[in-house]
Amino acid sequence: MTEVARSGHFVRLWRLLALLGGGLIVIALITQWIGSPILTRFVTVMYIDLILVLGLQMYMGNSGIVAFAHIGFMGVGAYASALFSMSPVMKSMALPDLYPILADVQIPYFWAVLVGGGVSAAVAAVVGWPLMRLSDFAAVITQFALLVIMHTIFVHWSAITNGPRTLFGLDRHTYLFGALAWALAMLAVAYWFKESKIGLQLRASRDERVAAAGVGINIVLVRWTGFVVSAFLAGVAGALWAHFILSFQPSAFYLRETFLIMGMLVIGGPGTITGALVGTISVTVAFEGLRAFENWINIHQVFPFPISGLTDVTLSIALILMLIYRPGGIVERLELTGWRGPWLRRTSEEAPAEGNP
Amino acid sequence: MFSWSDWFGFVISFLSLGSLYAVMALGLVIVYGILRLVNFAYGEYIMIVGYTLYLLHGGPLPWLVMAVLAVLVAALASYLTERIAFRPVRSNSVTAMLITSFAVSTLFRNAALLFISPRSRVVPLPDLFSEGVNVAGTIIQIRDVLAIVVSIVLLLVLTLLMKRTVLGIALRAAADKFTMTRLLGVPANLMIGAAFAISGTLAGVVGLFWLGRIGSVTPLIGLEPLIIAFVASVLGGVESLVGAVLGGYVLALITVTINNFLPQSFVDYRQAFIFAIVILVLLVRPQGLVGQKAEVKS
Numbered sequence: 307m308t309e310v311a312r313s314g315h316f317v318r319l320w321r322l323l324a325l326l327g328g329g330l331i332v333i334a335l336i337t338q339w340i341g342s343p344i345l346t347r348f349v350t351v352m353y354i355d356l357i358l359v360l361g362l363q364m365y366m367g368n369s370g371i372v373a374f375a376h377i378g379f380m381g382v383g384a385y386a387s388a389l390f391s392m393s394p395v396m397k398s399m400a401l402p403d404l405y406p407i408l409a410d411v412q413i414p415y416f417w418a419v420l421v422g423g424g425v426s427a428a429v430a431a432v433v434g435w436p437l438m439r440l441s442d443f444a445a446v447i448t449q450f451a452l453l454v455i456m457h458t459i460f461v462h463w464s465a466i467t468n469g470p471r472t473l474f475g476l477d478r479h480t481y482l483f484g485a486l487a488w489a490l491a492m493l494a495v496a497y498w499f500k501e502s503k504i505g506l507q508l509r510a511s512r513d514e515r516v517a518a519a520g521v522g523i524n525i526v527l528v529r530w531t532g533f534v535v536s537a538f539l540a541g542v543a544g545a546l547w548a549h550f551i552l553s554f555q556p557s558a559f560y561l562r563e564t565f566l567i568m569g570m571l572v573i574g575g576p577g578t579i580t581g582a583l584v585g586t587i588s589v590t591v592a593f594e595g596l597r598a599f600e601n602w603i604n605i606h607q608v609f610p611f612p613i614s615g616l617t618d619v620t621l622s623i624a625l626i627l628m629l630i631y632r633p634g635g636i637v638e639r640l641e642l643t644g645w646r647g648p649w650l651r652r653t654s655e656e657a658p659a660e661g662n663p
Numbered sequence: 003m004f005s006w007s008d009w010f011g012f013v014i015s016f017l018s019l020g021s022l023y024a025v026m027a028l029g030l031v032i033v034y035g036i037l038r039l040v041n042f043a044y045g046e047y048i049m050i051v052g053y054t055l056y057l058l059h060g061g062p063l064p065w066l067v068m069a070v071l072a073v074l075v076a077a078l079a080s081y082l083t084e085r086i087a088f089r090p091v092r093s094n095s096v097t098a099m100l101i102t103s104f105a106v107s108t109l110f111r112n113a114a115l116l117f118i119s120p121r122s123r124v125v126p127l128p129d130l131f132s133e134g135v136n137v138a139g140t141i142i143q144i145r146d147v148l149a150i151v152v153s154i155v156l157l158l159v160l161t162l163l164m165k166r167t168v169l170g171i172a173l174r175a176a177a178d179k180f181t182m183t184r185l186l187g188v189p190a191n192l193m194i195g196a197a198f199a200i201s202g203t204l205a206g207v208v209g210l211f212w213l214g215r216i217g218s219v220t221p222l223i224g225l226e227p228l229i230i231a232f233v234a235s236v237l238g239g240v241e242s243l244v245g246a247v248l249g250g251y252v253l254a255l256i257t258v259t260i261n262n263f264l265p266q267s268f269v270d271y272r273q274a275f276i277f278a279i280v281i282l283v284l285l286v287r288p289q290g291l292v293g294q295k296a297e298v299k300s
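This is the structure we're talking about:
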């Protein structure tokens, strides 16, 4: 990469952060100004979802491999951070069978979030290595298998997860601006990764696998790197979520959440960071709107029976229509990095433009 | 100790479970072979069978007619998902189709949630399903024997269809070299539609027996059969119909063995263990038990 290209790279990074991050900050400020607890809750969860979607974009968007296991890593982060942040007294009540070595550990919240991300990344690093050479059918099934395995472990490893029951006793640490700060940081990480050498190689392996291997890209290594960093983001999101929601059970990290996060990414545009953000915001808004509508129907007893499932029905129809009419998502290729500059040329022939130095 | 009659019960439950698993896997593989699509909505066809039976319950129809109708509805649902959802995205990418099937699965599940109920609904079953016969001191469930017989008949019919009819030969040719088959004048849409209809029929028939074991239907009932079909087809080799059948029986053998011989603490982790085997198979022998060494594909 030449010096010029490198400096252009940072200019684009700052522009993207200024535009997208600025938007996120404005949303947070308006939310704070309105001060409604319900709205604050939506927006905080939206920032956490954004981190999940960015993590999914990092691996699935760049490598083209459908990453079903992503939400499993969110669960790993949630449980791991809870084990490290809960007070020993609460742990003795919520998790009576906990191993003695973990029973007395308590570290500050910030470090617990990092531990959540770190444990997630470590698990991904170990289980991911042999899986990264698989593509197509095998990759899909192993990812799905991984999700089922992680779910089974969450449900049955009672000593540290309280089994299928709810794990309770966490303290509230995640607030609106904390979630915002993490989301901004992860926005930068995701963009940096996408435009880094490894990200570029990963995208090359997505578009032309044989050719990418032919020019000397170590596909297993670049995929593995993406997978591990992506799991770190999922783990961080899980940790933030755990300290926001305060009590949760294994079913929170399974197919429904997977579908929601994947829907956000695919509708927004799996190929771009901007798409991940647009998808998260638009799906969240639509979802909460529909949920409010559903509640309204149930409260006013429009039908003689309560209804549920309207949100997911709508999201799945939207997803199918999107895949039929605009398979690349809302934001397909161009990142929102400003309206003029070298990025226009870059996107037309992205991969080979800056070969080896 | 394990007596003779215990062994007999073991073999019967292995064979009945294996026959169901084999047919389930076959329905998944028949679509995968042609379209390279892992159909996540496959389990929901079984759910549809359950709800059709539930909705027809109390009507004037005898159970057998209701069962045939339910299977037909499942086949129709399978065909329609192809026609409405998969056909428009077929030209995009395998990933797009995969996510579409995931969305279709969620759609079916939540439609059941929305229009019927999140709670389980009792499925009407003939008395025969709950009766047992005493064979030399062992109680054998009639539904297990029926499952074995019906599955084997189904497998034979399907074998004849695939080997002797023009449609079957075209389907097998398409699974092998899709483009070449089209060049020879076989209409692609017809073949893919037929594959989906067969897939839905197989899911429907299996669904009858699957529901017969459980007795009720919930919106989430399709997940377990889907997972079983995944695992069985991977074990046997996703490229091969014979492999799918073999994989079904192997998976049933593993499941029944774990249930009968291993301690409860291990049975809890059965699903994790079976999926670990799946990952191992994909790593060591991605072509499955019967597949041939895969050609290099781009």
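In the order they appear, the protein sequences are chains V and C.
For any residue, its number in this note's numbering is found by taking its place in the first sequence, counting from 1, and adding 306.
For any residue, its number in this note's numbering is found by taking its place in the second sequence, counting from 1, and adding 2.
A virtual CB, placed ideally from N, CA and C, is assigned to each residue, including glycine.
Is the beta carbon of residue i sitting closer than 7 angstroms to the one on residue j?
{"i": "A308(C)", "j": "I50(C)", "result": "Because chain C here runs from 3 to 300, residue 308(C) falls outside it and cannot be looked at."}
{"i": "G52(C)", "j": "V125(C)", "result": "yes"}
{"i": "S391(V)", "j": "A418(V)", "result": "yes"}
{"i": "G367(V)", "j": "G577(V)", "result": "yes"}
{"i": "T590(V)", "j": "M380(V)", "result": "no"}
{"i": "G595(V)", "j": "V637(V)", "result": "no"}
{"i": "G532(V)", "j": "L508(V)", "result": "yes"}
{"i": "P221(C)", "j": "A114(C)", "result": "yes"}
{"i": "E46(C)", "j": "F104(C)", "result": "no"}
{"i": "V91(C)", "j": "F443(V)", "result": "no"}
{"i": "V25(C)", "j": "S153(C)", "result": "yes"}
{"i": "H462(V)", "j": "Y271(C)", "result": "yes"}
{"i": "T472(V)", "j": "Q607(V)", "result": "no"}
{"i": "L420(V)", "j": "L476(V)", "result": "no"}
Contact defined as beta carbons within less than 8 angstroms: I believe residue i pairs with residue j. What is the distance between those atoms, to the nearest angstrom?
{"i": "V292(C)", "j": "S242(C)", "result": "5 angstroms"}
{"i": "S387(V)", "j": "A537(V)", "result": "About 14 angstroms separates the two Cβ atoms, so there is no contact after all."}
{"i": "G712(V)", "j": "L452(V)", "result": "Coverage of chain V is limited to positions 307 through 663, which leaves residue 712(V) absent and any answer about it impossible."}
{"i": "I194(C)", "j": "L629(V)", "result": "About 17 angstroms separates the two Cβ atoms, so there is no contact after all."}
{"i": "A496(V)", "j": "M364(V)", "result": "5 angstroms"}
{"i": "V521(V)", "j": "W488(V)", "result": "That belief does not hold up - the Cβ atoms of V521(V) and W488(V) are roughly 36 angstroms apart, past 8 angstroms."}
{"i": "T337(V)", "j": "L493(V)", "result": "Rounded, the Cβ-Cβ distance is 18 angstroms, inconsistent with contact."}
{"i": "G383(V)", "j": "V425(V)", "result": "7 angstroms"}
Under the three-state reduction of DSSP, which class applies to residue i: helix, strand or coil?
{"i": "I523(V)", "result": "coil"}
{"i": "R123(C)", "result": "strand"}
{"i": "T617(V)", "result": "helix"}
{"i": "Q363(V)", "result": "helix"}
{"i": "N94(C)", "result": "coil"}
{"i": "F117(C)", "result": "helix"}
{"i": "F609(V)", "result": "coil"}
{"i": "L473(V)", "result": "strand"}
{"i": "Q289(C)", "result": "coil"}
{"i": "T578(V)", "result": "coil"}
{"i": "I636(V)", "result": "coil"}
{"i": "I223(C)", "result": "coil"}
{"i": "V135(C)", "result": "strand"}
{"i": "F16(C)", "result": "helix"}
{"i": "R652(V)", "result": "Annotation note: pLDDT 45 at R652(V) (below 50); position unreliable, coordinate value reported separately. Residue state, collapsed to three classes: helix."}
{"i": "I371(V)", "result": "coil"}
{"i": "T183(C)", "result": "helix"}
{"i": "W645(V)", "result": "With a pLDDT of 48 at W645(V), under the threshold of 50, the modelled position of that residue is not reliable, and no figure is offered here."}
{"i": "Q266(C)", "result": "helix"}
{"i": "F554(V)", "result": "strand"}
{"i": "Q412(V)", "result": "coil"}
{"i": "A72(C)", "result": "helix"}
{"i": "T480(V)", "result": "coil"}
Legend entry - Cβ pair count under 8 angstroms reaching 3, the region 224-241 of chain C against the region 120-129 of chain C: The region 224-241 of chain C is not in contact with the region 120-129 of chain C.
Legend entry - Chain-ordered residues of the region 585-616 of chain V with a beta carbon less than 9 angstroms from chain C: Cβ contacts with chain C come from F611, I613, S614, G615 and L616.
Legend entry - Cβ pair count under 8 angstroms reaching 3, the region 396-414 of chain V against the region 564-575 of chain V: Three or more beta-carbon pairs separated by less than 8 angstroms are not found between the region 396-414 of chain V and the region 564-575 of chain V, which leaves the two stretches without contact.
Inset, instruction - Mind the definition here: the region 579-596 of chain V touches the region 511-528 of chain V only if three or more C-beta pairs lie below 8 angstroms; say whether that holds. - result: Result no; under three Cβ-Cβ pairs closer than 8 angstroms.
Inset, instruction - Give a yes or no on contact between the region 494-513 of chain V and the region 335-354 of chain V, applying the rule of three or more CB pairs nearer than 8 angstroms. - result: With the cut-off at 8 angstroms, the region 494-513 of chain V and the region 335-354 of chain V do not touch.
Inset, instruction - May I ask you to verify whether the region 361-377 of chain V touches the region 94-106 of chain C, counting CB pairs closer than 8 angstroms and requiring at least 3? - result: Contact check between the region 361-377 of chain V and the region 94-106 of chain C: three or more CB pairs, one atom from each, fall below 8 angstroms, which counts as touching.
Inset, instruction - Could you please tell me which residues of the region 177-207 of chain C, in chain order, have their CB closer than 7 angstroms to any CB of chain V? - result: If the cut-off is 7 angstroms between Cβ atoms, the region 177-207 of chain C has nothing near chain V.
Inset, instruction - With 8 angstroms as the C-beta to C-beta threshold (strictly closer), list the residues of the region 75-94 of chain C near chain V in chain order. - result: Hits within the stretch, in order: A87, P90, V91 and N94.
Legend entry - Segment contact, 8 angstroms Cβ cut-off, at least three pairs: the region 28-44 of chain C with the region 270-284 of chain C: Short answer: they don't touch.
Inset, instruction - Check each residue of the region 444-457 of chain V: if its Cβ is closer than 8 angstroms to any Cβ of chain C, include it; give the result in chain order. - result: Cβ proximity to chain C below 8 angstroms picks out A444, V446, I447, T448, F450, A451, L452, V454 and I455 from the region 444-457 of chain V.
Inset, instruction - Taking 8 angstroms as the threshold, find out whether the region 137-149 of chain C comes into contact with the region 6-16 of chain C through three or more Cβ pairs. - result: Contact between the region 137-149 of chain C and the region 6-16 of chain C is present, because at least three Cβ pairs lie under 8 angstroms.
Inset, instruction - Select from the region 232-246 of chain C all residues with a C-beta closer than 7 angstroms to any C-beta belonging to chain V, and list them in chain order. - result: The region 232-246 of chain C vs chain V, Cβ under 7 angstroms: F232, V236 and V240.
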